[in-house]
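Residue numbers (our numbering): 391 to 728. Think of the CB as a built atom: it goes at the ideal place given N, C-alpha and C, for glycine as much as any other residue.
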Amino acid sequence: MNIWRKILENALYAPSPHNVQPWRVKILDDFRAELFIDSTRTLPKEDVTGSFIISTMGIFIEAIDILARRQNLKVEYELLHEPDFYAPAILKLSAPCLIEFAKLTLKPIDENDFCDNRYDEKLFLSRKTSRLHLKKEFVPDDAFRDLSEIAAKFNQNYTQIIDSKVIERILAQNTNALFEDLNSRGYHDEIVEWFRYSKRESETKRDGLDYRAMNTPRLMLWMTARMSWMMKTPVLKAILARTYRAQTGEVPTLGVISGAFWKPQDAINAGRFLMRFWLETARHNVYMHPFGNLVTNQKAIEFVTQETKIPDIWLVFKIGFSDEPPQSYRLPLEKVLV
Numbered sequence: 391m392n393i394w395r396k397i398l399e400n401a402l403y404a405p406s407p408h409n410v411q412p413w414r415v416k417i418l419d420d421f422r423a424e425l426f427i428d429s430t431r432t433l434p435k436e437d438v439t440g441s442f443i444i445s446t447m448g449i450f451i452e453a454i455d456i457l458a459r460r461q462n463l464k465v466e467y468e469l470l471h472e473p474d475f476y477a478p479a480i481l482k483l484s485a486p487c488l489i490e491f492a493k494l495t496l497k498p499i500d501e502n503d504f505c506d507n508r509y510d511e512k513l514f515l516s517r518k519t520s521r522l523h524l525k526k527e528f529v530p531d532d533a534f535r536d537l538s539e540i541a542a543k544f545n546q547n548y549t550q551i552i553d554s555k556v557i558e559r560i561l562a563q564n565t566n567a568l569f570e571d572l573n574s575r576g577y578h579d580e581i582v583e584w585f586r587y588s589k590r591e592s593e594t595k596r597d598g599l600d601y602r603a604m605n606t607p608r609l610m611l612w613m614t615a616r617m618s619w620m621m622k623t624p625v626l627k628a629i630l631a632r633t634y635r636a637q638t639g640e641v642p643t644l645g646v647i648s649g650a651f652w653k654p655q656d657a658i659n660a661g662r663f664l665m666r667f668w669l670e671t672a673r674h675n676v677y678m679h680p681f682g683n684l685v686t687n688q689k690a691i692e693f694v695t696q697e698t699k700i701p702d703i704w705l706v707f708k709i710g711f712s713d714e715p716p717q718s719y720r721l722p723l724e725k726v727l728v
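Here you go:
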C-alpha cells in the first residue's frame, strides 16, 4: 500500500474548481483502490450540469496515472456506474455521502505503453493557478505548439486570443457574469462557503479559495460575500468593475479550450487532457487563471462564442508569465483516504 500513498501524496496537488478537492480514495491492496466523489465537495449551484466535478475526477485519475508511470506502473479505471448516473447523483441535494465513482488498478507498464517522463513530482507542486498580474510577454511559440499538440491528442482544440480589443470585451463580459452570478442567491451562498479569509482559516481547512491565492484583500473578499447588493447599484457597480479589472491586471493572451465536454464520459476524458495541459504550462513556466463564469453563465458563454466564432468552448483563461503565486493548501492524505 505504500506505493498508493506515494502516488497520492503528489496527486493531491491536482487542480479542482474552487479547490474543493472532491476525491476520496479507499486503498484495497497494493494494486487496487476505489475512487469516490465526496458529495459535500460538489458545486451544484454553479456546475449545474455536473460536468466540471466529473471532469475533476478525470483530472485526478490522470494525475495518478502520470505519477504511477514514474514507478513503472500505470493505472486503469473502471466506472462503478453507467456514465449518465453521475451528474444526477452530484446535483441531488441529499445527506452527505460518498458517491462510488471508479475502480482503480495499478498494472506494470510494458514495452507498448507510452512513458512520458516530462512530468515529475516537482512539476505537480510548481503547477499553480496565478491570479497575479501577468507580464506583457506573449506565450512563447514552442509552448503554444506543445499545448496545441496535447489538445489534439485528446481531440480537443486550443486557441489563443491576442487581440487586445477582443480580450477587453471578453473580460468585461466576465465581470458582468461574475456580478450577476453573485447576486443569484444559490450561487452566492455556495461560493462564499469556500472563501477563506485568513491564513489561520486556510491552514486549518486546507481547501477553498484562499485570499492569498485569490490576490484579493480580505476586506474586498468579505464585502463580496456580505454586500453583493452593491453590484446592482449602477455607480457602485461601475466602481467595483474598474477595481476588479485593475486587479486582473495585464492580460496579453486569453486561452480557449473547446471540444467534447458536456457528456459524462467526455468530461472525464477532458479532465484527463486538462491535467496534462496544465502540467505542460508549468513545464514552460507559464501560468493559467480560468474565468469560470464565462462558461457557466449562459449569457457569457453565448457572448464569448459569438465574439470568438469558436464552438463548443468549455474553458477560458488568461495565460502567460507572472511572479510565482502562492501555493493553495491541500487536504492531508489521511483526510482523503476512507
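- Cross-strand partners of Glu468 (DSSP beta bridge): BP columns for Glu468 point to Lys493.
- Three-state secondary structure (DSSP) of Trp652: coil
- Could you give the residue range of the alpha helix (DSSP H) that holds Pro624? Pro624 to Thr638
- Task: Kindly list the residues whose CB is nearer than 6 Å to the CB of Leu522, restricted to its own chain and excluding five residues on each side of it in sequence; keep chain order.
- Result: Asn605, Ser712, Asp713 and Pro715
- Message: Using DSSP's beta-bridge definition, name the partner residues of Val726.
- Response: For Val726, DSSP records no beta bridge to any residue.
- Query: With distances taken between CB atoms, is the gap from Ile499 to Asn462 smaller than 7 Å?
  - Reply: Asn462 is positioned such that its CB atom lies closer than 7 Å to that of Ile499.
- Figure out for me which residue from Val706, Ile557, Gly682 and Leu669 has the closest Cα to the Cα of Glu452. Leu669
- In terms of residues, what are the limits of the beta strand (DSSP E) holding Leu721? Per DSSP, Leu721 belongs to no beta strand (DSSP E) and is neither H nor E.
- Query: Under a CB-based cut-off of 7 Å, is Leu524 close to chain D?
  - Reply: In the structure shown, chain D cannot be found, because there is only a single protein chain.
- Message: Between Leu398, Gln411, Pro680 and Arg608, which has its C-alpha nearest Asp455's C-alpha?
- Response: Taking only the C-alpha atoms, the option nearest Asp455 is Leu398.
- Item | For Gly710, the residue or residues it bridges with in DSSP | Tyr677
- Do Ser429 and Pro486 have their C-beta atoms closer together than 7 Å? yes
- Message: Check whether the region 639-648 and the region 698-713 touch, using three or more Cβ-Cβ pairs below 8 Å as the test.
- Response: yes
- Report, in whole angstroms, the separation of the C-beta atoms of Phe528 and Ile552, which I expect to be a contact under 8 Å. 6 Å
- Which residues mark the beginning and the end of the alpha helix (DSSP H) in which Trp584 is found? Note, Trp584: premise wrong, no alpha helix (DSSP H); not H, not E.
- Query: In chain order, which continuous runs of the alpha helix (DSSP H) of length 4 or greater are located wholly inside the region 562-620?
  - Reply: 575-582, 589-595, 601-604 and 608-616
- Query: Whose C-beta lies closer than 6 Å to the C-beta of Leu469 among residues of the same chain, with five residues either side of it excluded?
  - Reply: Ala492
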